[in-house]
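In the working numbering, the protein residues as written are 12 to 576. All residues carry an ideal CB built from backbone N, CA and C; glycine is no exception. A quick note: this is a predicted structure, and the numbers were derived from the prediction, not measured. Please read the structure below before turning to the comments.
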C-alpha cells in the first residue's frame, strides 16, 4: 500500500518531456511527502518510532544529496563535475554506467574498435574518487572523472592503435599522443578507441577493416558520417560519455557531428599538437573535438591547444607566443551576436542542397537577424574548385605518408615472399583496403614527374586562392555561416550504392575551411527528423569569437525549436 502511494506521489512530482524522459523533479517536496508517508507507516517499518525529528532530518538530507542518477542530471561536463565534486555521484558509478551503455550498444552500432578493460577503468575511477574527497586537490584537474572516447588513429601507449586498417591490426604504440596525454593529465578517463574509415579516408565509416559503424533510427540503419563516425556515434548513443576526440582532414569531425546532432569543432590548423596522430594528409590533418554543447567544446579546446615544440614542428603556436585562449575569457551568458556581421556565401546555395536544409538555413538566418546580427551576402569564388584541389592534395600527401608501410619496419608483413619487391607488393595488397589503394594510386599519379606541374602544383596554387578568398571576406564580416552538409544522413544502403565522386561531394561545404586552415564548427539544428548541422567559419586564430557566437546561436536555435513544439 505504501509503495502504491509513493508511486502516485512521485508521478505528480516528476516533469517529463514528450518522449517520456524525466526532465526535472521537485526534490524538496518529494522529501517532505516521503517523510509524511514514513510517519504514517512507522509501525511497519520501525524507522520513525523513536527520535522522529532526527530521523526526518536525516532522510531529507540523504534524499536532497543523492539525486536521481539519470542522464538528465548529467547532460554536460559542468553538471558532471559538480555532481562528482559534491559527492552526489562517484566516478566509479559513472564509468560503470558508461561501460554498461557501450556493452548494450556495440553490437548495434559497431562504434568501437577496442574498449579498454573494465577492471583497468574501474581502478582509475577508484583513484579519482580518492582525489575527489579533497576538493583542493580535485580543483587542479579540469576534467576529473569525465569519460571520453578517442578515434583509433591516436596513439595510446600499450593499447591497440589500428587506424581501422588490417595494416596496423597488431600495432601497439610505445607512447601516447600529446592530445591523449593532455586529457588524461587533466583527469579524464578514456573508455575506448573508436571505429573509423581506414586511415581517415572516407565519409561514412564504411571503409574500416572492422566493419561499418551506423546509427539506427526507427529500425533503419543510417551512416554516422566519416571518417570520425565511430567517435560521433559513440558519443551520441551514450548519455554517460561526454566528449570524443576525432581527426578532421576535410570535414571528418564536422560532417559526422551534423549527421548525429552533435557539436563538431575543427580549430585553426596547428593550434593543437598532432604528435601521435597517425598521418593521412599532414598539411590538412587537424585534431577535432566532438561534444554535446559548444561550451563543452570550448572547455576541451582550452585544454588541448598550445605549443608543442618538442614533438610537433607544424604547431604554429610554437612561434605565435601572443596567441591566448582561455575558457574563462568567453562570456556564454551575454548576447554575443548583437551587432556582429555574419557572411552568407552565395556559392553555397547549390542544387544538391535539400529543400528541408535550405529551409532550416533560411530560418537560422532569420534567427540571427532577430538577435541583432547584420547579414551580408558575400562571395567566395574559389568554393566551386576547392573540392577538386582537395582531392588532388590529400591523396598526394597520403601516397607519400603511407609509403612507410612496406612490411619491413612495422605493421603487417606478408609471408611466403620470393624477394623484396614481392614483399612490398604482397604486404601492401593484403594490408590496405580498396579506398586506401584508390587514393594512393591517385596521389602517386598526380605526383609523377610528368603530372606534377599539371595537377599538384596547380592544386596548391588554388589552395592559396581559397585562403585569400576567406581572408578578404573576414575584412568585411566577423563570421561566415553555411550548412555543414548538403543533406542529412542517408541510409547505409544508399551510401553503399553511391560511386566515389558522389561520396566525395558530401564534403563540399567542409573542405574549403580545411584547405584554408581556419577554424570551423558544426552545431546542430534541432529537428524532429534526422539531424542537420549549421557550420560557422571563423578567421584564423579567432576561436574565442567563433565559440562565443556559436554558443549564442546554439541557445537561440534550441529556444526557437522549443517554441515550435
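Is it true that the CB of residue j sits closer than 9 Å to the CB of residue i?
i: residue 558; j: residue 308; result: yes
i: residue 210; j: residue 174; result: yes
i: residue 560; j: residue 547; result: yes
i: residue 520; j: residue 234; result: no
i: residue 270; j: residue 217; result: no
i: residue 241; j: residue 122; result: yes
i: residue 143; j: residue 154; result: no
i: residue 297; j: residue 285; result: yes
i: residue 166; j: residue 287; result: yes
i: residue 178; j: residue 422; result: yes
i: residue 137; j: residue 103; result: yes
i: residue 382; j: residue 564; result: yes
i: residue 215; j: residue 247; result: no
i: residue 530; j: residue 513; result: no
i: residue 371; j: residue 545; result: yes
i: residue 194; j: residue 256; result: yes
i: residue 263; j: residue 239; result: yes
i: residue 158; j: residue 200; result: yes
i: residue 327; j: residue 275; result: no
i: residue 291; j: residue 258; result: yes
i: residue 268; j: residue 494; result: no
i: residue 106; j: residue 251; result: yes
Under a Cβ-count criterion, where at least 16 other Cβ atoms within 10 Å of its own Cβ denotes burial, should residue i be classed as buried or exposed?
i: residue 500; result: buried
i: residue 474; result: buried
i: residue 533; result: buried
i: residue 202; result: buried
i: residue 549; result: buried
i: residue 315; result: buried
i: residue 131; result: exposed
i: residue 461; result: exposed
i: residue 342; result: exposed
i: residue 398; result: buried
i: residue 392; result: exposed
i: residue 69; result: Residue confidence for residue 69 is low, a pLDDT of 48 falling below 50, so the modelled location carries little weight; the figure read from the coordinates is stated next. With fewer than 16 Cβ atoms within 10 Å of its Cβ, residue 69 is classed as exposed.
i: residue 151; result: exposed
i: residue 163; result: buried
i: residue 452; result: exposed
i: residue 306; result: buried
i: residue 244; result: buried
i: residue 570; result: exposed
i: residue 55; result: In this predicted model, residue 55 has a pLDDT of only 33, less than 50, meaning its place in the structure is not dependable enough to derive any value.
i: residue 419; result: exposed
i: residue 510; result: exposed
i: residue 330; result: exposed
i: residue 479; result: exposed
Which residues share a DSSP beta bridge with residue i?
i: residue 531; result: 277 and 548
i: residue 233; result: 226 and 502
i: residue 256; result: 161 and 300
i: residue 352; result: 385
i: residue 490; result: 353
i: residue 201; result: 159
i: residue 536; result: 543
i: residue 283; result: 316
i: residue 288; result: 165
Report the residue from the options whose alpha carbon sits nearest the alpha carbon of residue i.
i: residue 213; options: 236, 542, 231 and 346; result: 236
i: residue 185; options: 261, 199, 194 and 168; result: 168
i: residue 365; options: 413, 304 and 496; result: 496
i: residue 86; options: 254, 150 and 441; result: 254
i: residue 149; options: 204, 96, 109 and 158; result: 96
i: residue 543; options: 265, 177 and 91; result: 265
i: residue 578; options: 94, 319 and 454; result: The shown model of the chain, from 12 to 576, leaves out residue 578, and the question about it has no answer.
i: residue 416; options: 402, 478 and 438; result: 438
i: residue 389; options: 457, 120, 484 and 570; result: 484
i: residue 436; options: 291, 350, 444 and 425; result: 425
i: residue 447; options: 418, 419 and 413; result: 413
i: residue 540; options: 572, 523 and 524; result: 572
i: residue 109; options: 321, 160, 312 and 140; result: 160
i: residue 295; options: 162, 368, 261 and 355; result: 261
i: residue 487; options: 267, 467, 385 and 140; result: 385
i: residue 289; options: 188, 224 and 229; result: 188
i: residue 278; options: 568, 524 and 536; result: 524
i: residue 457; options: 411, 537, 379 and 481; result: 411
i: residue 522; options: 396, 117 and 355; result: 396
i: residue 348; options: 556, 147 and 99; result: 556
i: residue 551; options: 468, 224 and 335; result: 335
Just to confirm, does residue i get its C-beta within under 8 Å of one of the non-hydrogen atoms of the ligand SAH?
i: residue 146; result: Judged by which ligands are present, the structure shown has none, so any question about the ligand SAH falls away.
Quick one: any contact between the region 358-377 and the region 399-411, if contact means 3 or more CB pairs under 8 Å?
No: fewer than three Cβ pairs fall under 8 Å.
With three or more beta-carbon pairs closer than 8 Å as the criterion, would you say the region 352-363 touches the region 427-438?
The region 352-363, when compared against the region 427-438, does not touch it at the 8 Å Cβ threshold.
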